[in-house]
Amino acid sequence: MSQANATLPAEVDQLLQRLGVPRAAYTGGTLAVRSPITGDTIAHLPQTTAAEATRAIARAQAAFLVWRDVPAPRRGELVRLLGEELRAAKVDLGLLVTLEAGKVPSEGAGEVQEMIDICDFAVGLSRQLYGMTIATERAEHRMMETWHPLGVCGVISAFNFPVAVWCWNAALALVCGDSVVWKPSEKTPLTALATLAIAKRALARFGDAPEGLLELLIGQRDIGEVLVDDPHVKVLSATGSTAMGRAVAPRLASRFARAILELGGNNAAIVTPSADLDLTLRGIAFAAMGTAGQRCTTLRRLFVHDSVYDTLVPQLAKVYAKVQVGDPRTPGTLVGPLIDRAAFEGMQNALDESRALGATVHGGTRVDGIASADAFYVRPALVELHDHAGPVLRETFAPILYVVRYQSLAQAIDWHNAVGAGLSSSIFTLNMREAERFMASSGSDCGIANVNIGPSGAEIGGAFGGEKETGGGRESGSDSWKAYMRRATNTINYSTALPLAQGVSFDIGE
Ligand code: UN1
Numbered sequence: 000m001s002q003a004n005a006t007l008p009a010e011v012d013q014l015l016q017r018l019g020v021p022r023a024a025y026t027g028g029t030l031a032v033r034s035p036i037t038g039d040t041i042a043h044l045p046q047t048t049a050a051e052a053t054r055a056i057a058r059a060q061a062a063f064l065v066w067r068d069v070p071a072p073r074r075g076e077l078v079r080l081l082g083e084e085l086r087a088a089k090v091d092l093g094l095l096v097t098l099e100a101g102k103v104p105s106e107g108a109g110e111v112q113e114m115i116d117i118c119d120f121a122v123g124l125s126r127q128l129y130g131m132t133i134a135t136e137r138a139e140h141r142m143m144e145t146w147h148p149l150g151v152c153g154v155i156s157a158f159n160f161p162v163a164v165w166c167w168n169a170a171l172a173l174v175c176g177d178s179v180v181w182k183p184s185e186k187t188p189l190t191a192l193a194t195l196a197i198a199k200r201a202l203a204r205f206g207d208a209p210e211g212l213l214e215l216l217i218g219q220r221d222i223g224e225v226l227v228d229d230p231h232v233k234v235l236s237a238t239g240s241t242a243m244g245r246a247v248a249p250r251l252a253s254r255f256a257r258a259i260l261e262l263g264g265n266n267a268a269i270v271t272p273s274a275d276l277d278l279t280l281r282g283i284a285f286a287a288m289g290t291a292g293q294r295c296t297t298l299r300r301l302f303v304h305d306s307v308y309d310t311l312v313p314q315l316a317k318v319y320a321k322v323q324v325g326d327p328r329t330p331g332t333l334v335g336p337l338i339d340r341a342a343f344e345g346m347q348n349a350l351d352e353s354r355a356l357g358a359t360v361h362g363g364t365r366v367d368g369i370a371s372a373d374a375f376y377v378r379p380a381l382v383e384l385h386d387h388a389g390p391v392l393r394e395t396f397a398p399i400l401y402v403v404r405y406q407s408l409a410q411a412i413d414w415h416n417a418v419g420a421g422l423s424s425s426i427f428t429l430n431m432r433e434a435e436r437f438m439a440s441s442g443s444d445c446g447i448a449n450v451n452i453g454p455s456g457a458e459i460g461g462a463f464g465g466e467k468e469t470g471g472g473r474e475s476g477s478d479s480w481k482a483y484m485r486r487a488t489n490t491i492n493y494s495t496a497l498p499l500a501q502g503v504s505f506d507i508g509e
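Residue numbers (numbering that gives the first Met the number 0): 0 to 509.
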């Protein structure tokens with residue numbers, strides 16, 4: 000591995016050059032970026048100052064004032080070009096996601112595909128920002144809704160989906176007539192620089208987009224706070240921990256800005272007696288171990304019916320024991336590194352707490368010999384619990400799957416809903432009554448409820464997000480676009496009379 004270690008910063012440099020990022024944007028600055036693959040420092044970015052951030056937001060506001068008057072289908076043309084540029088850069092950007100965030104190449108490329116998909120969706124949407132015509136109680140009147148651009152859209156994104164989440168927001172915001180200011184995770188700013196370089200090519204081809212339409216802020220939490228507090232930012236989409244959401248939401252509320260929050264998940268699946276166990280095993284493996292357990296939608300809790308527990312769980316333990324953990328660039332690797340030491344320590348603490356509760360822990364140990372001591376590789380952990388209690392009740396952003404045996408579906412659904420987060424959920428069953436019960440109003444309380452598919456890996460066409468401590472926001476497909484626009488209700492009187500609603504009379508005489 001030492002040879003790969005030595006060449007990683009050079010490889011990153013070559014990629015950034017190919018992607019069109021100027022060297023000055025990632026050398027000589029104070030923000031050190033490390034690759035979780037080797038632990039090596041791969042770049043030093045100059046950071047945006049608070050004053051520069053405020054100026055960037057002011058440029059975005061000026062851009063908004065121009066962009067809102069551009070017809071929506073024309074705005075869609077910019078997003079179409081962005082999709083084209085992303086297609087051209089897919090291999091390089093996907094690889095950069097691998098090097099900076101540690102994802103295996105198929106998942107790095109998948110993340111860029113998710114960007115392309117949302118661009119395609121948004122292009123269609125640019126001709127479908129529909130408002131309703133509403134029946135009015137008054138003669139010779141018409142009532143309707145119209146949707147208008149909102150303002151500057153702020154985006155705060157996390158390390159684990161360093162580019163796709165920006166694109167969910169930016170593609171919709173752009174067709175909706177908003178400008179976008181992005182503060183990416185300080186752990187993954189290089190992929191953000193590359194994304195902006197790609198977007199610049201789309202802007203150049205588009206021709207007359209206003210300057211400041213897409214802005215990028217590089218820095219830490221204080222720069223995110225500038226975005227949260229700036230009065231021009233009318234909607235802020237924030238992805239990250241529930242703790243971050245608790246800090247951000249009241250600040251936005253105090254100035255009546257809109258929040259789209261996509262916070263923690265503690266996603267579960269229920270395996271019922273009728274489940275197709277072969278499919279279930281594969282579904283669980285991807286959902287729980289994919290992305291090294293570092294997706295918001297990662298499967299973290301598994302409720303297995305007593306009648307299938309002793310068949311399924313030993314099989315799962317075997318898969319956990321043999322899944323290839325390693326450098327994501329090595330063929331066959333399915334589980335790459337944790338993002339950093341803090342993630343590793345958080346995982347070990349949760350496993351120690353589980354052991355103290357009498358749990359049986361399979362795996363979870365550090366895997367040495369892959370890279371230097373500054374890189375953190377772990378075998379995913381399968382934790383058999385006696386009860387739904389302890390660390391299982393909170394999100395630990397690492398590959399830990401807690402397993403609990405259940406007797407009745409009602410009990411499993413109770414446990415399922417007994418956590419703070421409410422993002423994604425699944426049931427594995429071939430029984431229609433069980434599937435429907437899980438998706439009913441008294442079933443899963445999450446924003447996403449699946450049948451015979453794990454909780455992770457959602458397509459962009461659906462609204463993405465969750466309830467309770469997940470924050471309630473919705474991004475990406477369905478009608479999520481409405482959060483990026485303001486709605487006006489218009490009533491038009493084309494009569495010569497002035498009938499008042501509710502039959503009120505207000506006669507001022509002659
Ligand atoms: C996230 O982890 O922040 O459904 C987003 C999924 C992906 C998005 C995850 N499409 O797992």
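Just so you know, even glycine gets a beta-carbon here, dropped at the ideal spot from N, CA and C.
Roughly how far, in whole angstroms, is the beta-carbon of residue i from the beta-carbon of residue j, given that I think they are within contact range, below 8 Å?
i: M142; j: T395; result: So it is not a contact: roughly 51 Å between Cβ atoms.
i: V32; j: L189; result: 6 Å
i: V366; j: V324; result: 5 Å
i: A434; j: I426; result: 6 Å
i: K182; j: L226; result: 5 Å
i: R204; j: L80; result: 5 Å
i: L98; j: S34; result: 5 Å
Under a Cβ-count criterion, where at least 16 other Cβ atoms within 10 Å of its own Cβ denotes burial, should residue i be classed as buried or exposed?
i: P330; result: exposed
i: K233; result: buried
i: Y25; result: buried
i: Q2; result: Confidence is the limiting factor: at Q2 the pLDDT is only 43, short of 50, which leaves the residue's position unreliable, though a coordinate-based value still follows. That one is exposed.
i: S455; result: buried
i: I133; result: exposed
i: I507; result: exposed
i: A385; result: The amino acid at residue 385 is misidentified as Ala; the sequence shows His. Classification of H385: exposed, given that the 10 Å Cβ count is below 16.
i: E76; result: buried
i: K321; result: exposed
i: A457; result: buried
i: K102; result: buried
i: F255; result: exposed
State the beta-bridge partners of residue i as determined by DSSP.
i: T488; result: E144
i: Y483; result: DSSP, once it has assigned bridges, lists no residue as partnering Y483.
i: V334; result: V324
i: G153; result: V180 and L235
i: A448; result: S424
i: L44; result: L30
i: N266; result: L298
i: G363; result: Its beta-bridge partners do not exist; DSSP assigns none.
Can you tell me which of the three DSSP states residue i falls into?
i: G442; result: coil
i: Y376; result: coil
i: V103; result: coil
i: F160; result: coil
i: V382; result: strand
i: R250; result: helix
i: A3; result: A caution first: A3 carries a pLDDT of 46, below 50, which makes its placement in the model unreliable, though a value can still be read off. If DSSP states are grouped into helix, strand and coil, A3 belongs with the helices.
i: A496; result: coil
i: V415; result: The amino acid at residue 415 is misidentified as Val; the sequence shows His. Note: H415 maps to helix in three-state DSSP.
i: Y308; result: helix
i: K186; result: coil
i: N348; result: helix
i: N168; result: helix
i: E468; result: coil
i: T271; result: coil
i: G389; result: helix
i: S455; result: coil
i: R281; result: helix
i: S371; result: coil
i: I36; result: coil
From this set, the options, which residue's C-alpha is nearest residue i's C-alpha?
i: G419; options: Q501, G150 and D444; result: D444
i: E352; options: D339, R328 and L392; result: L392
i: T48; options: V96, T428, I222 and A409; result: I222
i: V503; options: P21, A198, E106 and E136; result: E136
i: G264; options: A248, A163, R300 and A9; result: R300
i: A208; options: S240, V225, V174 and V227; result: V174
i: K467; options: L499, G421 and S475; result: G421
i: D39; options: A374, T241 and L400; result: A374
i: L333; options: G292, L298 and G357; result: G292
i: V377; options: V122, T488, G345 and I259; result: G345
i: L92; options: E261, A163, R432 and A50; result: A163
What do you reckon, is the C-beta of residue i under 8 Å from a heavy atom of the ligand SAH?
i: V164; result: For the structure depicted, the ligand SAH is absent and the ligand set comprises only the ligand UN1.
So is residue i in contact with chain B if we call contact Cβ pairs under 9 Å?
i: H140; result: Absent here is chain B; the protein component of the structure consists of one chain.
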